[in-house]
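S.K.:
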Amino acid sequence: MGFTIRTIGAPTPDFEALVDTHTTFCDGTAPAESCHRLPVSALFGPGLTVWTVTAADGALVGMGALKALPGGDGEVKSMHTRQSVRGQGVARAMLETILAEGARRGYGALWLETGAHPDFAPARRLYAAHGFVETGPFGSYRPDPHSVFMTRRLDVMEPAA
Numbered sequence: 233m234g235f236t237i238r239t240i241g242a243p244t245p246d247f248e249a250l251v252d253t254h255t256t257f258c259d260g261t262a263p264a265e266s267c268h269r270l271p272v273s274a275l276f277g278p279g280l281t282v283w284t285v286t287a288a289d290g291a292l293v294g295m296g297a298l299k300a301l302p303g304g305d306g307e308v309k310s311m312h313t314r315q316s317v318r319g320q321g322v323a324r325a326m327l328e329t330i331l332a333e334g335a336r337r338g339y340g341a342l343w344l345e346t347g348a349h350p351d352f353a354p355a356r357r358l359y360a361a362h363g364f365v366e367t368g369p370f371g372s373y374r375p376d377p378h379s380v381f382m383t384r385r386l387d388v389m390e391p392a393a
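Given below as structure tokens:
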């Protein structure tokens, strides 16, 4: 599958629709207090960079974001791939873009929160394959049985698996 990854500075209707799909997916796996996805308005706030993945036909098929954290680290946010193209390398390419940008910025590590629900197992495998390891909550997160927290050092970058 051919696709293009680019940053966007403001939401578009197709981006908002993909965020809605992401929200519906997340809301179906955990109670509201355990869902940590960002609304569209927050994704374009200070310290955040948003990427979209577009298929050769122009369809928006994926997204991801990188949030600057205090202390020189970053957080992977809002990774989502349309179900119709899962398993075709969209999420891998998006994650590799975020990893490269984090390294370019000189971040010491990237952190993320993802779901513990079985529907998130492919995402957890992707993160693990790219060097992320499970850890405890970070930042303002608290322990939550519906969340898995992961981190990866960037100051010791190694090629992805």
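By the numbering used here, the letter at position 131 of the sequence shown is numbered 363, and the numbering carries on one by one without gaps. Ideal placement from N, C-alpha and C gives every residue a C-beta, glycine not left out.
From ALA348, LEU342, VAL272, ALA332, pick the residue whose C-alpha is nearest to that of GLY303; which is it?
M.R.: Counting from 1 along the sequence shown, the entry for residue 303 is found at position 71. Of the listed residues, the one whose Cα sits closest to GLY303 is LEU342.
S.K.: State the beta-bridge partners of LEU298 as determined by DSSP.
M.R.: On the sequence shown, position 66 is the one that residue 298 refers to. THR281, VAL308.
S.K.: Is the separation between the beta-carbon of THR346 and that of MET382 shorter than 8 Å?
M.R.: For the purposes of this step, residue 346 is identified with residue 114 of the sequence shown, where counting begins at 1. For the purposes of this step, residue 382 is identified with residue 150 of the sequence shown, where counting begins at 1. Yes, the Cβ-Cβ distance between THR346 and MET382 is below 8 Å.
S.K.: Quick check on PHE364: does DSSP put it in helix, strand or coil?
M.R.: In the sequence shown, residue 364 corresponds to position 132, counting from 1. Three-state DSSP puts PHE364 in coil, outside helix and strand.
S.K.: In terms of residues, what are the limits of the alpha helix (DSSP H) holding ARG324?
M.R.: Locating residue 324 in the sequence shown gives position 92, counting from the first residue. First-last of the alpha helix (DSSP H) with ARG324: 322-336.
S.K.: Please name the residue in VAL282, THR284, MET311 whose C-alpha comes closest to that of PHE352.
M.R.: Here residue 352 corresponds to residue number 120 of the sequence shown, with the count starting at 1. For the residues VAL282, THR284, MET311, the minimum Cα distance to PHE352 belongs to MET311.
S.K.: Quick one: what does DSSP say SER379 is sitting in, helix, strand or coil?
M.R.: By one-based count along the sequence shown, residue 379 stands at place 147. The three-state reading of DSSP puts SER379 in strand, counting E and B together.
S.K.: Kindly give me the distance between the Cβ atoms of GLY306 and GLY334, rounded to whole angstroms, as I take these residues to be in contact under 8 Å.
M.R.: As a working note, residue 306 is residue 74 in the sequence shown. As a working note, residue 334 is residue 102 in the sequence shown. The pair is a contact, with the Cβ atoms about 5 Å apart (cut-off 8 Å).
S.K.: Which residues bound the beta strand (DSSP E) around ALA341?
M.R.: Mapped onto the sequence shown, residue 341 falls at position 109. Note, ALA341: beta strand (DSSP E), 341-347.
S.K.: State buried or exposed for SER273, treating a residue as buried only when at least 16 other CB atoms are found within 10 Å of its CB.
M.R.: For the purposes of this step, residue 273 is identified with residue 41 of the sequence shown, where counting begins at 1. The residue in question, SER273, is exposed, as its Cβ has fewer than 16 Cβ neighbours within 10 Å.
S.K.: Taking 6 Å as the limit between beta carbons, can you name the residues of its chain near GLY294, skipping five residues before and five after?
M.R.: Locating residue 294 in the sequence shown gives position 62, where the first residue counts as 1. A distance below 6 Å between beta-carbons, with the five flanking residues on each side excluded, links GLY294 to the following residues of its chain, in chain order: VAL285, THR313, VAL322, MET326.
S.K.: Please classify SER379: is it buried, with 16 or more other beta-carbons within 10 angstroms of its beta-carbon, or exposed?
M.R.: As a working note, residue 379 is residue 147 in the sequence shown. So SER379 counts as buried.
S.K.: Based on the DSSP output, what are the partners of ALA287 in its beta bridges?
M.R.: Here residue 287 refers to the residue found at position 55 when the sequence shown is read from its first residue. In DSSP, ALA287 forms a bridge with PHE235.
S.K.: Could you tell me whether the Cβ atoms of LEU331 and HIS362 are closer together than 8 Å?
M.R.: Position 99 of the sequence shown, counted from the start, is the residue given in the question as residue 331. Position 130 of the sequence shown, counted from the start, is the residue given in the question as residue 362. Yes, they are a contact pair.
S.K.: DSSP puts ARG385 in a beta bridge; with which residues?
M.R.: As a first step, residue 385 must be located in the sequence shown, where it is residue number 153. Paired residues: ALA341.
S.K.: Can you grab the Cα-Cα spacing for the pair ARG238 / VAL308, in whole Å?
M.R.: Translated into positions along the sequence shown, residue 238 becomes position 6. Translated into positions along the sequence shown, residue 308 becomes position 76. Answer to the nearest angstrom: the Cα atoms are 16 Å apart.
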